[in-house]
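Enquirer:
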Amino acid sequence: MSPPGPHGVKDAYCLLNFGDSITTDHISPAGSIHKDSPAARYLMERGVDRRDFNSYGSRRGNDDVMARGTFANIRIVNKLLGGEVGPKTIHFPTREKLSVFDVAMRCKSEGHDTVILAGAEYGSGSSRDWAAKGPMLLGVKAVMAKSFERIHRSNLVGMGIIPLCFKSGEDAETLGLTGHER
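Structure representation (structure tokens):
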């Protein structure tokens with residue numbers, strides 16, 4: 727079996743719009759699983775007691791939990807929500823505010839590509855392969871950033887996500903990109 731060939735990104739929705747210094751811990755948290763998160767919902771549906779959730783770090787071998795934990799950092803700031811703090815975003819076709827995982831899954835099921843806008847130093851921090859695997863499982867096709875941490879950029883490429891850098895002196899704001907474009 728051969729991997730799928732290259733494909734274009736067309737009419738994509740912006741899943742998230744970030745500022746500078748989005749770390750691998752923002753992308754793939756290692757901390758505790760919040761009781762109201764998609765990962766907690768998944769575990770509870772499978773009979774796991776809340777006291778046994780443990781942490782994302784302890785569940786790195788479970789892709790279903792880790793996909794639901796992608797961008798689940800409670801300190802993440804999404805410009806699509808006016809700078810609101812928390813792991814939420816907008817499902818543009820319905821204008822609903824939902825968890826990042828739920829929006830990503832809706833977009834995938836509807837056949838919509840998604841991209842991420844970011845500032846400088848996207849993917850900085852400790853090297854985590856899940857910081858590239860998670861977005862791939864969410865269906866992210868490209869990340870457009872001012873700059874990338876070198877190892878994370880390579881990990882994105884390895885997962886089939888296109889890391890695109892703005893030209894020097896440009897970023898989403900200077901180009902007037904808000905993430906509401908399609």
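Take the position in the sequence shown, starting the count at 1, then add 726; the result is the number in our numbering. All C-beta atoms in this analysis are idealised placements derived from N, C-alpha and C, irrespective of residue type, glycine included. Since the structure is predicted, the reported quantities are computational estimates derived from the model, not experimental observations.
Would you mind working out which of M792, A830, V735 sits nearest A766, comparing C-alpha positions?
Expert: Your numbering for residue 766 matches position 40 in the sequence shown. A766 has its Cα closest to that of M792, out of M792, A830, V735.
Enquirer: To the nearest angstrom, how far is the alpha carbon of D839 from that of D778?
Expert: Here residue 839 is taken as the residue at index 113 of the sequence shown, counted from 1. Here residue 778 is taken as the residue at index 52 of the sequence shown, counted from 1. When rounded, the distance between both Cα atoms is 35 Å.
Enquirer: Does the beta-carbon distance from E847 to D746 come in below 8 Å?
Expert: Taking the first residue of the sequence shown as position 1, residue 847 is located at position 121. Taking the first residue of the sequence shown as position 1, residue 746 is located at position 20. Yes, the Cβ-Cβ distance between E847 and D746 is below 8 Å.
Enquirer: For a test of the three-state rule: what should DSSP assign to N743, helix, strand or coil?
Expert: Residue numbering aside, residue 743 sits at position 17 when the sequence shown is read from its first letter. Three-state DSSP puts N743 in a strand.
Enquirer: What is the DSSP secondary structure of S880, counted as helix, strand or coil?
Expert: Here residue 880 is taken as the residue at index 154 of the sequence shown, counted from 1. Helix.
Enquirer: In the DSSP assignment, the beta strand (DSSP E) including L864 goes from what residue to what residue?
Expert: Taking the first residue of the sequence shown as position 1, residue 864 is located at position 138. Run containing L864: none in the beta strand (DSSP E); it sits in the alpha helix (DSSP H), 856 to 864.
Enquirer: Please tell me whether L863 and D751 are closer than 8 Å, where the distance is taken between their beta carbons.
Expert: What you label residue 863 is simply residue 137 of the sequence shown in a count that begins at 1. What you label residue 751 is simply residue 25 of the sequence shown in a count that begins at 1. Taking 8 Å as the Cβ cut-off, L863 and D751 do not qualify as a contacting pair.
Enquirer: DSSP three-state label for F827, please.
Expert: Residue numbering aside, residue 827 sits at position 101 when the sequence shown is read from its first letter. Helix.
Enquirer: In terms of alpha-carbon separation, which member of G809, I759, P813, E771 lies closest to G783?
Expert: Against the sequence shown, residue 783 aligns to sequence position 57. Nearest C-alpha to G783: I759.
Enquirer: Below 8 Å, can you find three or more Cβ-Cβ pairs linking the segment 881 to 891 to the segment 822 to 837?
Expert: In short, these stretches do not touch, since the Cβ pair count stays below three.
Enquirer: Let me confirm a value: H733 is counted as buried when at least 16 other C-beta atoms fall within 10 Å, else exposed. Which label applies?
Expert: Counting from one through the sequence shown, the residue named residue 733 turns up at place 7. Looking at its Cβ environment, which holds fewer than 16 other Cβ atoms inside 10 Å, H733 is exposed.
Enquirer: On a Cα-Cα basis, can you pick out the residue from E899, K893, W856, K872 that is closest to F797?
Expert: Within the sequence shown, the letter at position 71 stands for residue 797. Residue W856 is the option with its Cα nearest to F797.
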